[in-house]
Amino acid sequence: MARGDAEAGHVGPARRYERDRLFDLAPMGRDDTGADLFESAPLPSALLRLYGGQPVAQGLWAAQQTMGSDRHPANCHACFLAPGAVDEPIRYTVRRDADGRSFSIRRITAQQGDRLILTMTATFHVAEHGPAAQTPVPDLAAPEDLPDMEMLLRQAPRELPERHRPFWLRDHMFEWRPAEPFRMFERPREPGAQHFWVRLKEPWTGPAGSEHTARLYVGPASAACGACPDRGRLCR
């Protein structure tokens, strides 16, 4: 850990290590069925178990390697089947289910040893004109008027469940600003929703096309924050 990070109250690996290793997948050829194989080295996260954003992001990135440069992710659906280990490599299997004129479909599995930890289906689409729709942005305070979540957590680290402290107090790639009070403390039950402004702390310098997978990487962290407000506290 760098001296500056320690003085700022961070623990765990620095964000540059996390960012640089996230897309480091080794191609392992194909299996007997013709599926593409990839493997990632362990990526320290300061968690006791594998952070869910890692296999989702890396699984999509593995599927992207089977695409031409004209096709980009359109949607994906992932199911977590078992907890992953932070100190084991992950093997990704990508099956080329369909390649049409405009769309391609890939089926991805992630496993550690003989243990299947994730399945995912991803659709890729060529760039073309078509109907567009967007959900209106909620009426929220501007991010400049909201506190940085890392600052909030460092001010009251003991309010976090002990097993979550190494992850939340680390130097993340993303800056989070919660639009509602962040639920570190016991609070009355509230509707099950939580809004965040999120941005990268530094300009993105990952491989071409990897910005899509970076968005997936941060997704499970936001879900963990917003999933339990109806319980009146941060997930334990």
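Residue numbers (this note's numbering): 281 to 516. Even glycine gets a Cβ: it sits at the ideal position worked out from N, Cα and C.
In the DSSP assignment, what are the bridge partners of Trp477? Arg457
Does Ala354 come out as helix, strand or coil in the three-state DSSP assignment? strand
Can a CB atom of chain D be found closer than 8 angstroms to the CB of Met429? Of the protein chains in this structure there is only one, and it is not chain D.
Beta strand (DSSP E) containing Pro307: first to last residue? 305-310
Nearest-angstrom Cβ-Cβ length linking Pro458 and Leu426, presumed shorter than 8 angstroms: 7 angstroms
If contact is defined by three or more beta carbon pairs under 8 angstroms, each pair taking one atom from either stretch, is the region 344-354 in contact with the region 392-409? yes
Considering only the beta carbon of each residue, do Phe362 and Ile397 sit closer than 8 angstroms? Note that residue 362 is Ala in the sequence shown, not Phe. Yes, they are a contact pair.
At the level of alpha carbons, what is the spacing between Gly410 and Ser382? 12 angstroms
For His444 and Thr493, what's the separation of their Cα atoms in angstroms? Between His444 and Thr493, the C-alpha separation is close to 24 angstroms.
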